[in-house]
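One structure is given here, and the rest of the page talks about it.
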Amino acid sequence: MVSVVQNVAIDCADAFGLARFWSAVTGRPIDPDSAPGDRETQVELADGGLVLYFNQVPEPKTTKNRVHLCLRPDTARDPEVDRLLALGAALVADRRNPDGTGWAVLADPEGNEFCVLRSAAERA
């Protein structure tokens with residue numbers, strides 16, 4: 001017997017607002033049945049597959065995430081970091097190296113950390 005990961009749940013202050021950010025990051029749509037002000041919504045990452053589930057909670061984020069997403073861009077890491085910063089992310093830690101290896105740690109508009117890795121082409 002095994003279990004399948006259904007979703008990644010993200011507690012937040014504004015479910016629809018944070019879903020809007022992650023929809024722009026991933027290029028995937030927000031659940032069409034949700035609207036601004038809803039206490040929960042989701043972004044489906046693949047048709048019938050894993051979803052990012054956003055759940056509005058009253059308490060704020062207070063510590064570093066123990067689990068985080070690692071994104072691999074389809075083009076190149078550095079332009080993707082720039083794009084995500086323009087969408088409202090913040091640079092938390094720059095782990096990029098002069099030789100092109102490494103990653104960037106960013107935070108979404110509510111402070112949830114995530115990493116941007118090198119693209120597959122950059123790793124080849």
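Reminder that position 70 of the sequence shown reads as 70 in the UniProt record's numbering, one-by-one numbering, no gaps.
Glycine included, every Cβ here is placed at the ideal spot set by N, Cα and C.
The structure presented is a predicted model; accordingly, all values stated were derived computationally and were not measured.
| Asked | Found |
| --- | --- |
| Every unbroken beta strand (DSSP E) inside the UniProt domain "Glyoxalase-like" (8-117) [3 residues or more] | 40-44, 51-56, 69-71, 90-94, 104-107 and 113-116 |
| Which listed residue (27, 124 and 59) has its alpha carbon closest to that of residue 44 | 27 |
| Closest Cα partner of residue 110 within the set 25, 88 and 102 | 88 |
| Residue from 99, 92, 68 and 74 with nearest C-alpha to residue 11 | 68 |
| Cβ pair residue 100, residue 122 closer than 8 Å | yes |
| Burial state of residue 108, where buried means 16 or more other Cβ atoms lie within 10 Å | buried |
| Residue 23 to residue 63 span [Cα, whole Å] | 24 Å |
| Local Cβ density within 10 Å of residue 104, reported as buried at 16 or more and exposed below that | buried |
| When 16, 58, 112 and 77 are compared against residue 66, the one with the closest alpha-carbon | 112 |
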